[in-house]
Structures are given as structure tokens and as C-alpha cells.
């Protein structure tokens, strides 16, 4: 069972798409990661369900 998965997100600042790794061994996590393109801080909210499906919410500083 793979607990590290990759997904694409859109930067709320520059709109560019880049990929992040999601640790599916944790039910809920919130952390800040810089955009790989414009380097601005993005708050990531990751929820993982029992089937290891997940959702990622992204927010900029002003949201």
C-alpha cells in the first residue's frame, strides 16, 4: 500500500500548476509550503479518508 501520493495543485497567487506529495498515513494535516514557481506561501489542508482517497485545499495569505 502506497502511503505517499502525488497530486497537482494550482497556486492561488500565480495560477500555475505544480505537484505536491501527500502523506496518506495522516488523516488531517495543515501546513505551509511555498509555491514552486512564484515562491509565495500557500496553506495546504489535506484530508485523507479510510480508502486512502484524499482532498487538498489551498489558500493564500489573504484568503
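Numbering (the working numbering), first residue to last: 50 to 112. All C-beta atoms, glycine included, are put in the ideal place defined by N, C-alpha and C.
(message) Which residue wins for smallest C-alpha separation from residue 67, given the options 88, 53 and 80?
(response) In the chain shown, counting from the first residue as 1, residue 67 sits at position 18. Closest by alpha carbon: 88.
(message) Distance check for residue 110 and residue 117, CA to CA, integer angstroms please.
(response) Because the chain here runs from 50 to 112, residue 117 falls outside it and cannot be looked at.
(request) Give a yes or no on whether the C-beta atoms belonging to residue 69 and residue 51 are separated by under 8 angstroms. (result) Taking the first residue of the chain shown as 1, we reach residue 69 at position 20. Taking the first residue of the chain shown as 1, we reach residue 51 at position 2. No. Outside cutoff.
(request) Assign residue 74 to one of three DSSP states: helix, strand, or coil. (result) Working through the chain shown from its first residue, we reach residue 74 at position 25. Coil, per DSSP.
(message) My output table needs one value for residue 112: the three-state DSSP class, helix, strand or coil.
(response) Residue 112 sits at position 63 when you count from the first residue of the chain shown. For residue 112, the secondary structure class from DSSP, reduced to helix, strand or coil, is coil.
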